[in-house]
Amino acid sequence: MQILAALSAIGALVATATAAAVPNAPAKQSMIDIQLSATGNTLIKATITNKGDKALNLLQFNTILDKNPTRKVRVYQNGTEVKFTGMLARYKMSNLSPDYFTTLGPKSSVESTFDIARTHDLTRGGKITVMASGTIPTAEGHGNGTSITGYARYESNKLELDVDAKKASSVAQAMGKVNKSRSTIDKRTNIDTSSCSQSQLEALEGALYNSAALAQAAAEAAPQSTDTVAEFFKSTSRNTIKTLVSRFQSVARESTYVNDGRTTYYCTDSMNGCSPGVLAYTLPDQNLIFNCPIYYSDLPPLAQSCYEQDQATTTLHEMTHNSAVVSPFCDDLGYGYDDATSLSASQALQNADSYALFANAIYLGC
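Throughout the sequence shown, residue numbering follows mature numbering (1 follows the signal peptide of the UniProt record, and there is no 0), covering -19 to -1, 1 to 347 in sequence.
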């Protein structure tokens, strides 16, 4: 188990951390159009159209094309966002398989249908507004290109629905409810030890230790490392710094050995959320985190290069998805350095990967 051996050097890294000169991949403004329509009480059809003259390979992860019960749309009722009950996942972003993409030819369209009652609490019924906005990572090249070369931004139409409460209540929730095990370690996040092999438990304990150290270092760095804060969060205002410090400290407390845990962490998946490419995922309405097999097999304990994914920052990323740790909990609005650093200030502050990337940058002096 690799523990944060370089922790003693973090102070020096904090003092010298500067923004890395990494060019953003271009954002393809208005390259795609998304139209939402209703095909049933809570059944939504999204029609995605490539408006350009070149074929696009659209990455499905954390987008409206995602086959997992992730947050594909925003649902509002009386001006308030409806409770999300699905999953928020961190995906492995290297060595992407062609199977993770949807190819869309010039001027062609593809449809994606999903039931919002499976991922939102619509049991009250009534009038709601549904909309989608964000970016879809795109790959270009001959055949099935899988190297991300840009990001297609989109903003859908606003869809107004009048939901039948009885029909919505009859739709099974995608993730269900978890009966928490009593086999837990109760100091810090509650590790469900019954879900762990010995090697998995050791890896997770190491990741939590490192997550705490990285988060605490990030909290201490934020007031001084204004260039790096501006790089990832697009603002160095007093409120931004205050929010960052508070949230990183909260992650550090939840990850540490001496905290009474407000989350439950599972070494393995019991909710069938570990589809191909998923490193770990969170159920934010239940404050539960699940690791997937490739968390252990494909990630190093700590990255040795800037913006590389690892176990520590994946755990930190997932911590920010939990409402008991960060309120309101962070979403997946931009993935990886290029996408995350193209967000607005308000978006970046609510983006889980921005926190993971910032912590990595402080640790390595990126």
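Each residue gets a CB set at the ideal place from its N, CA and C atoms; glycine is no exception.
Go ahead and label residue i buried or exposed: buried means 16 or more other beta carbons lie within 10 angstroms of its beta carbon, across all protein chains shown.
{"i": "D80", "result": "exposed"}
{"i": "R234", "result": "buried"}
{"i": "T61", "result": "exposed"}
{"i": "R228", "result": "buried"}
{"i": "A326", "result": "exposed"}
{"i": "I343", "result": "buried"}
{"i": "Y336", "result": "buried"}
{"i": "Q285", "result": "exposed"}
{"i": "G315", "result": "buried"}
{"i": "K53", "result": "buried"}
{"i": "N49", "result": "buried"}
{"i": "S218", "result": "exposed"}
{"i": "N341", "result": "buried"}
{"i": "V239", "result": "Bear in mind that the predicted position of V239 carries a pLDDT of just 46, short of 50, making it too unreliable to give a figure here."}
{"i": "V3", "result": "Because V3 sits at a pLDDT of 33, beneath the cut-off of 50, its placement in the model cannot be relied upon, and the following sentence gives the value as read from the coordinates. V3 comes out exposed."}
Does the distance from the C-beta atom of residue i to that of residue j stay below 8 angstroms?
{"i": "A113", "j": "A27", "result": "yes"}
{"i": "residue 348", "j": "G107", "result": "Only positions -19 to 347 of the chain appear in the structure, and residue 348 is not among them; the question remains open."}
{"i": "T119", "j": "T170", "result": "no"}
{"i": "N31", "j": "G86", "result": "yes"}
{"i": "residue 351", "j": "A199", "result": "For residue 351 there is no data in the structure shown, the boundaries of the chain being -19 and 347."}
{"i": "I275", "j": "L260", "result": "yes"}
{"i": "A149", "j": "T23", "result": "yes"}
{"i": "S176", "j": "S251", "result": "yes"}
{"i": "T230", "j": "V159", "result": "Here residue 230 turns out to be Gln, not Thr, going by the sequence shown. No; because the gap between Cβ atoms is not below 8 angstroms, this pair is not in contact."}
{"i": "D292", "j": "P282", "result": "What sits at residue 292 in the sequence shown is Gln, not Asp. Yes. Within cutoff."}
{"i": "T322", "j": "E141", "result": "no"}
So, at 7 angstroms on beta carbons, what are the nonlocal neighbours of residue i in its own chain, with the 5 sequence-adjacent residues on each side left out?
{"i": "T51", "result": "N43, G67, M68, L69, A70"}
{"i": "Y57", "result": "V63, I109, T110"}
{"i": "G258", "result": "F42, Y72, K73, Y81"}
{"i": "L330", "result": "F214, T221, T224"}
{"i": "S216", "result": "A326"}
{"i": "T295", "result": "R71, L260, A261, Y276, L280"}
{"i": "A305", "result": "R243, T244, N268"}
{"i": "G33", "result": "M12, P87"}
{"i": "A6", "result": "With a pLDDT of 48 at A6, under the threshold of 50, the modelled position of this residue cannot be trusted; read the value that follows with caution. Correct list, in chain order: I129, T130, G131, Y132, D319."}
Give me, in chain order, the residues of the same chain whose beta-carbon lies closer than 8 angstroms to that of residue i; leave out the 5 immediate sequence neighbours on both sides.
{"i": "E92", "result": "K26, A27, T28, I29"}
{"i": "A333", "result": "L69, R71, H298, E299, T301, H302, C311, D312, D313"}
Could you round the C-beta distance between residue i and residue j to whole angstroms and report it? I think they count as a contact, below 8 angstroms.
{"i": "A146", "j": "T100", "result": "Actually they are not in contact, since the Cβ atoms of A146 and T100 sit about 17 angstroms apart, beyond 8 angstroms."}
{"i": "C287", "j": "L185", "result": "So it is not a contact: roughly 24 angstroms between Cβ atoms."}
{"i": "Q16", "j": "N138", "result": "6 angstroms"}
{"i": "L189", "j": "S236", "result": "5 angstroms"}
{"i": "A196", "j": "V232", "result": "4 angstroms"}
{"i": "L46", "j": "T127", "result": "In fact, because the Cβ distance is near 15 angstroms, the residues do not count as touching under 8 angstroms."}
{"i": "T84", "j": "A36", "result": "6 angstroms"}
Quick one: residues in its chain with C-beta nearer than 6 angstroms to the C-beta of residue i, no 5 flanking neighbours on either side, listed in chain order?
{"i": "I117", "result": "L39, T44, A133"}
{"i": "E121", "result": "T130"}
{"i": "D317", "result": "The sequence shown places Gly at residue 317, rather than the Asp named in the question. Around G317: M74."}
{"i": "Y246", "result": "T170, I172, I270"}
{"i": "C255", "result": "C273"}
{"i": "P204", "result": "I222"}
{"i": "residue 349", "result": "No statement about residue 349 is possible, as the shown extent of the chain runs from -19 to 347 and does not include it."}
Can you tell me where the beta strand (DSSP E) with residue i in it begins and where it stops?
{"i": "D334", "result": "Looking at the DSSP string, D334 is not in any beta strand (DSSP E); the run it does join, the alpha helix (DSSP H), is 333 to 345."}
{"i": "T110", "result": "107 to 112"}
{"i": "V91", "result": "90 to 96"}
{"i": "S18", "result": "13 to 19"}
{"i": "I31", "result": "Here the sequence assigns Asn to residue 31, which means Ile is not the residue at that position. First-last of the beta strand (DSSP E) with N31: 24 to 31."}
Tell me, please, whether the CB atom of residue i is closer than 8 angstroms to any CB atom in chain B?
{"i": "G33", "result": "Checking the listed chains, one finds no chain B in this structure; it contains a single protein chain."}
Could you please give the first and the last residue of the uninterrupted alpha helix (DSSP H) stretch that includes residue i?
{"i": "G187", "result": "179 to 202"}
{"i": "T207", "result": "207 to 214"}
{"i": "residue 349", "result": "Any answer about residue 349 is impossible in this case: the structure gives the chain only from -19 up to 347."}
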